[in-house]
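Just below is one structure, and these are the notes that go with it.
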Amino acid sequence: MPDYYFDTVDLKFSLGEDRTIVSSKIAVFPRIEGSSSPLVLDGQDLSLVSIQPNGKALKEDYHSDARHLTIRSPPSGKYDLEIVTEIQPQKNTSLEGLYKSSGNFCTQCEAEGFRKITFYQDQPDIMAKYTVRIEADKSLYPVLLSNGNLVDQGDLEDGKHYAV
1 MPDYYFDTVD
11 LKFSLGEDRT
21 IVSSKIAVFP
31 RIEGSSSPLV
41 LDGQDLSLVS
51 IQPNGKALKE
61 DYHSDARHLT
71 IRSPPSGKYD
81 LEIVTEIQPQ
91 KNTSLEGLYK
101 SSGNFCTQCE
111 AEGFRKITFY
121 QDQPDIMAKY
131 TVRIEADKSL
141 YPVLLSNGNL
151 VDQGDLEDGK
161 HYAV
């Protein structure tokens, strides 16, 4: 049984030709109130850009290796955890996580593919409500489709657009 549960997850994908930036904001709460257990997240082939529990940059008090990100002393009680990672879907040939195939960005998150997108407790008993925003160059990717019903869409600066 995990020490922490996730209530909501807001993901933002900034798709690029060389790299993709993934921003996640996770509402974290302990399984047992008052728990101070380390938070261990799964991750594979990720470049960590930043970690911010409750909006404060975490410069120390974490450990990252090839398969995990461990926050040694997470905040007590419920908190928001923001993580920014950089990935290269064009170089991902495993067909797991986010990858590019025939010019399209595709995802395969089951059974353990999500850990190739961002750091997360990548196991089936971690249930959360997701909101996903995709941003990309409109001339290269005129159609953006993300996990279900379209909630919002529009144009951005520099010829980009988004879909939620």
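Letter 45 of the sequence shown, counting from 1, is numbered 45 in UniProt numbering, and no numbers are missing.
From the three backbone atoms N, C-alpha and C, an ideal C-beta is built for every residue, glycine too.
Three-state secondary structure assigned by DSSP to residue i
i       : result
Pro-74  : coil
Arg-115 : helix
Gly-55  : coil
Lys-91  : helix
Gly-97  : strand
Glu-157 : helix
Pro-82  : The identity of residue 82 in the sequence shown is Glu, whereas the question assumes Pro. If DSSP states are grouped into helix, strand and coil, Glu-82 belongs with the strands.
Gln-44  : coil
Cβ separation of residue i and residue j, assumed to be a contact under 8 angstroms, to the nearest whole Å
i      : j       : result
Leu-69 : Leu-98  : Actually they do not touch by this definition, with Cβ atoms about 18 angstroms apart.
Thr-85 : Val-22  : 5 angstroms
Leu-41 : Phe-119 : 4 angstroms
Length of the line joining the Cα atoms of residue i and residue j
i           : j       : result
Ile-32      : Tyr-5   : 10 angstroms
residue 218 : Asp-152 : Outside the displayed range of the chain (1 to 164) lies residue 218, so it cannot be described from this structure.
Lys-138     : His-161 : 6 angstroms
Asp-3       : Pro-89  : 31 angstroms
Asn-54      : Tyr-141 : 34 angstroms
Check your understanding: Is the segment 108-116 touching the segment 42-62, taking contact as three or more C-beta pairs under 8 angstroms?
Key -> With a cut-off of 8 angstroms on Cβ pairs, the segment 108-116 is in contact with the segment 42-62, counting three or more such pairs.
**Study point:** Stretch pair the segment 126-133 + the segment 142-149: three plus CB contacts closer than 8 angstroms
**Key:** yes
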